[in-house]
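Residue numbers (our numbering): 875 to 1089. Beta carbons are placed, not taken as given, at the ideal position from N, Cα and C, and that holds for glycine. It should be emphasised that the depicted structure is a prediction, and the values quoted were computed from it without experimental measurement. A short worksheet on the structure shown next.
What follows is the structure in structure tokens.
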């Protein structure tokens, strides 16, 4: 059973304090809602300037709590660090972003190689997370719609694979950290167009694993 509806809710419960059921996604529930439109401030964008400090703080608080729980379990012997657990599955649909199909698949493979408690699996038509493309004010992740938008102009100006993996990091529960160096994936566009690193570091990967532990 896919658990994204609950944890894009912990990424978004952290972000919007919304309770979401853990039912398996269906075509009607997984598709982005057209009835609920988010505001720019509620989105996690690639570039600084649209940073929602409140959303970022909630996401960071969720990470801090998850990491503390992971340490507590490890110290108590309840669960040894690195011990295997059944991975949650996030199904993603990239049919609405055909230009970047291969980049999206690469981004999923990168995350899948770095984390163990959650895996990204392509399933077109009925999915938890939808990728779209178009012309707009920049790439972003929408927690309300479980949607990642890839902006044409930004994908040309900045490293496109980094944009994809960065925005996917938001879907996994990570906040923006624009002031951090290029080695940090979630610094996004903060380091500038010359930054091409598309890989989360060990700390970012550990945070995702902590957020998804036992889900």
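Contact check for residue 1005 and residue 1024: beta-carbon distance about 7 Å, within the 8 Å limit, so the pair qualifies. For the pair residue 1033 and residue 1070, the CB atoms are nearer than the 7 Å cut-off. Straight-line measurement puts the Cα of residue 1014 at about 21 Å from the Cα of residue 986.
Collapsing the DSSP output to three states places residue 926 in coil.
Secondary structure at residue 1014: strand, using DSSP grouped into helix, strand and coil.
Looking at the backbone, the Cα of residue 1050 and that of residue 946 are separated by about 26 Å. For residue 949, DSSP records no beta bridge to any residue.
Residue 976 and residue 926 have their alpha carbons spaced roughly 30 Å apart. Across the structure, residue 971 and residue 1063 are spaced so that their CA atoms are roughly 21 Å apart.
The beta carbons of residue 960 and residue 992 sit about 10 Å from each other, so the pair does not count as a contact at 8 Å. Rounded to whole angstroms, the gap between the alpha carbons of residue 1078 and residue 981 is 15 Å. In its chain, beyond the 5 residues on either side, 1084, 1087 have a beta carbon closer than 8 Å to the beta carbon of residue 943.
Given a length threshold of 4 residues, each whole run of the alpha helix (DSSP H) inside the segment 1043-1087 is given here in chain order: 1076-1086. Looking at the backbone, the Cα of residue 1010 and that of residue 950 are separated by about 49 Å.
In the structure shown, residue 1000 falls within a coil segment according to DSSP collapsed to helix, strand and coil. Exclusion of the five residues before and after residue 967 leaves 998, 1001, 1004 as the residues of its chain whose Cβ lies within less than 6 Å of its Cβ. Sequence-distant Cβ neighbours of residue 1035 in its own chain, meaning closer than 7 Å and more than five residues away, are 977, 980, 981, 1072. Within its own chain, the residues whose Cβ lies closer than 8 Å to the Cβ of residue 1055, once the five positions on either side in sequence are excluded, are 1061, 1065, listed in chain order.
For residue 1082, the closest C-alpha among the options 1058, 1046, 1038, 1075 is that of 1046.
Counting only the Cα atoms, residue 1028 lies some 30 Å from residue 935.
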